[in-house]
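Chemist: This is the structure I want to talk about, given as structure tokens.
There are 2 protein chains.
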Amino acid sequence: MSKEEFPADVCSINEIDPEAVAFVQERVMPDRTIERLSRLFSAFADPTRLRILHALNVIDELCVCDLSALSDLSVSAVSHQLRLLRDRELVHARRDGRMVYYSLADEHVSQLMAIGAEHANER
Amino acid sequence: MSKEEFPADVCSINEIDPEAVAFVQERVMPDRTIERLSRLFSAFADPTRLRILHALNVIDELCVCDLSALSDLSVSAVSHQLRLLRDRELVHARRDGRMVYYSLADEHVSQLMAIGAEHANER
DNA sequence: TGGGAGAATGTGCATATGAGCAAAGAAGAA
DNA sequence: TTCTTCTTTGCTCATATGCACATTCTCCCA
Numbered sequence: 004m005s006k007e008e009f010p011a012d013v014c015s016i017n018e019i020d021p022e023a024v025a026f027v028q029e030r031v032m033p034d035r036t037i038e039r040l041s042r043l044f045s046a047f048a049d050p051t052r053l054r055i056l057h058a059l060n061v062i063d064e065l066c067v068c069d070l071s072a073l074s075d076l077s078v079s080a081v082s083h084q085l086r087l088l089r090d091r092e093l094v095h096a097r098r099d100g101r102m103v104y105y106s107l108a109d110e111h112v113s114q115l116m117a118i119g120a121e122h123a124n125e126r
Numbered sequence: 004m005s006k007e008e009f010p011a012d013v014c015s016i017n018e019i020d021p022e023a024v025a026f027v028q029e030r031v032m033p034d035r036t037i038e039r040l041s042r043l044f045s046a047f048a049d050p051t052r053l054r055i056l057h058a059l060n061v062i063d064e065l066c067v068c069d070l071s072a073l074s075d076l077s078v079s080a081v082s083h084q085l086r087l088l089r090d091r092e093l094v095h096a097r098r099d100g101r102m103v104y105y106s107l108a109d110e111h112v113s114q115l116m117a118i119g120a121e122h123a124n125e126r
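As you go down the protein sequences, you meet chains A and B in turn.
For the first sequence, the numbering used here assigns the number 4 to the initial residue and increments by one for each residue that follows.
For the second sequence, the numbering used here assigns the number 4 to the initial residue and increments by one for each residue that follows.
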């Protein structure tokens with residue numbers, strides 16, 4: 004937690020608390036984790052995707068065209084969003100013949116939605 | 004959950020499962036909640052804001068200049084982000100003289116970060 | 001081995017978001 | 001009041017994101 008990382012000239016005019024800064028510095032989240040977290044949350048940060056995730060939370064497994072009907076969007080648009088959700092590993096795809104069925108990837112997804120809804124509703 | 008909301012011509016060529024669609028329709032999340040959730044998660048969807056929130060999770064209360072030093076950004080940029088976090092009620096501001104101290108608004112914030120980090124790290 | 005259905009992908013455009021710069025508050029000190 | 005310091009806000013530009021349209025790909029079946 005060397006103070007060299009915060010040279011005096013950066014902010015010497017301000018009343019920085021060097022101890023607090025150092026304390027946090029020792030516990031900094033790795034850039035890699037921050038980046039992953041940011042990508043994870045940005046997947047949740049869109050109404051269309053939230054509707055898709057919520058639908059999959061309600062019924063476990065749905066195909067693209069069901070999701071398209073539910074979200075009232077083109078199949079193409081839904082497919083785009085599903086690719087994104089797949090890339091970020093929030094949903095899992097299972098192919099059955101020409102249909103592809105989607106489901107939530109793990110418990111974290113529904114947990115995050117539940118806590119988020121709690122926070123959103125109590126205000 | 005009337006099927007009238009999904010007229011046959013929308014997707015009749017596809018193999019929609021009308022029961023599944025109706026089932027989800029009955030449990031649809033209100034637009035208002037979806038919108039709030041989306042705004043909530045979008046606040047988490049940025050590396051700078053995540054660093055700020057994590058710092059406040061580690062140390063409870065920090066002023067703008069501390070956060071500026073920690074995130075290696077201009078005071079202005081940090082202030083912009085803090086305003087956004089305030090608007091979305093993720094942080095709380097307390098003025099003491101000319102300093103303004105920020106802290107996390109409630110437990111949900113750290114819970115969301117914890118679960119998110121779990122998800123991000125196990126992959 | 002074609003043809004057709006369902007899903008995925010490439011491109012383009014409109015909008016949203018983040019950061020810096022510069023200027024404007026707000027609160028204490030002279 | 002006037003100056004100084006810390007924070008906030010307005011403006012602007014560059015980048016990112018979401019959607020539609022058109023195309024491509026994959027799989028099933030005749």
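Just so you know, even glycine gets a beta-carbon here, dropped at the ideal spot from N, CA and C.
What does the alpha-carbon distance come out to for the pair Asp12 of chain B and Val24 of chain B?
Modeler: Model confidence at Asp12 of chain B stands at a pLDDT of 29, short of 50, so the residue's coordinates are unreliable; what they give is reported in the following sentence. Straight-line Cα distance between these residues: approximately 15 Å.
Chemist: Check this for me: beta carbons of Leu73 of chain A and Leu93 of chain A, under 9 Å apart or not?
Modeler: Cβ atoms of Leu73 of chain A and Leu93 of chain A: not closer than 9 Å.
Chemist: List in chain order: all unbroken alpha helix (DSSP H) runs of 4+ residues lying wholly within the stretch 56-103 of chain A.
Modeler: List check, alpha helix (DSSP H) in window: 67-74 and 78-90.
Chemist: If Val103 of chain B and Cys66 of chain B are in contact, beta carbons under 8 Å, what's the gap, nearest whole angstrom?
Modeler: Rounded, the Cβ-Cβ distance is 6 Å, consistent with contact.
Chemist: Output the boundary residues of the alpha helix (DSSP H) element that contains Met116 of chain A.
Modeler: Segment Glu110 to Asn124, the alpha helix (DSSP H) holding Met116 of chain A.
Chemist: Within a Cβ cutoff of 8 Å, which residues of the same chain sit near Glu64 of chain A, ignoring the five residues on either side of it in sequence?
Modeler: The residues are Arg97, Tyr104, Tyr105 and Ser106.
Chemist: Output yes if chain A places a C-beta closer than 9 Å to the C-beta of His122 of chain B; else output no.
Modeler: True, the Cβ-Cβ gap to chain A drops below 9 Å.
Chemist: Along chain B, in chain order, which residues have C-beta atoms closer than 9 Å to that of Arg3 of chain A?
Modeler: No answer is possible for residue 3 of chain A: the residues shown for chain A start at 4 and end at 126.
Chemist: Using a 10 Å radius around the Cβ and a threshold of 16 neighbouring Cβ atoms, would you call Gly119 of chain B buried or exposed?
Modeler: The residue in question, Gly119 of chain B, is buried, as its Cβ has 16 or more Cβ neighbours within 10 Å.
Chemist: Using only CA atoms, which one of A:Leu56, A:Asp69 and A:Asp75 lies nearest to Glu110 of chain A?
Modeler: Checking every option, the nearest Cα to that of Glu110 of chain A belongs to A:Leu56.
Chemist: Whose Cβ in chain A lies nearer than 9 Å to the Cβ of His49 of chain B?
Modeler: With the sequence shown as reference, residue 49 of chain B is identified as Asp, and His is not the correct amino acid for it. By Cβ distance, chain A contributes Ser41, Phe44 and Ser45.
Chemist: Cβ atoms of Thr36 of chain B and Val81 of chain B: under 9 Å apart, would you say?
Modeler: Result no, Cβ atoms of Val81 of chain B and Thr36 of chain B do not sit closer than 9 Å.
Chemist: I'd like the list of long-range same chain contacts for Ser15 of chain B, defined as Cβ closer than 8 Å, with 5 residues on each side in sequence excluded.
Modeler: Any answer about Ser15 of chain B is weak, because its pLDDT of 34 lies below 50 and its placement is not dependable; what the coordinates show is given next. Once the five neighbours on either side are set aside, Ser15 of chain B has no close Cβ partner at all.
Chemist: At a CB-CB cut-off below 8 Å, which residues of chain B make contact with Val61 of chain A?
Modeler: Those are Phe26, Val27 and Arg30, listed as they occur along chain B.
Chemist: Could you list which residues in chain A have their beta carbon closer than 8 Å to that of Leu111 of chain B, in chain order?
Modeler: The sequence shown places His at residue 111 of chain B, rather than the Leu named in the question. Within 8 Å Cβ-Cβ: Ile118, Gly119, Glu121 and His122.
Chemist: Considering only the beta carbon of each residue, do Leu53 of chain B and Leu40 of chain A sit closer than 9 Å?
Modeler: Against a cut-off of 9 Å, the Cβ pair of Leu40 of chain A and Leu53 of chain B comes out as a contact.
Chemist: Less than 9 Å between the beta carbons of Leu87 of chain B and Ala46 of chain B, yes or no?
Modeler: Yes. Within cutoff.
Chemist: Would you mind telling me which residues of chain B sit closer than 7 Å to Asp69 of chain A, beta carbon to beta carbon, in chain order?
Modeler: Under the 7 Å cutoff, chain B gives Ile19, Asp20, Ala23 and Val24.
Chemist: Do the CB positions of Leu70 of chain B and His122 of chain A come within less than 9 Å of each other?
Modeler: Contact: no.
Chemist: Distance, Cα to Cα, Asp20 of chain B vs Leu85 of chain B?
Modeler: Answer to the nearest angstrom: the Cα atoms are 45 Å apart.
Chemist: Residues of chain A with CB closer than 7 Å to the CB of Ala58 of chain B, please, in chain order.
Modeler: Per Cβ cutoff of 7 Å: Val27.
Chemist: Exposed or buried, Ser79 of chain A, counting other C-beta atoms within 10 Å across all chains shown (16 or more means buried)?
Modeler: Exposed: under 16 other Cβ atoms inside 10 Å.
Chemist: Mind checking whether His95 of chain A and Arg101 of chain A have CB atoms under 9 Å apart?
Modeler: Cβ distance not < 9 Å, so His95 of chain A and Arg101 of chain A don't count as in contact.
Chemist: Would you say Val54 of chain B lies against chain A (beta-carbon separation less than 9 Å)?
Modeler: It is worth fixing the name first, because residue 54 of chain B is Arg in this sequence and not Val. Taking Cβ atoms only, chain A reaches closer than 9 Å to Arg54 of chain B, which makes this a yes.
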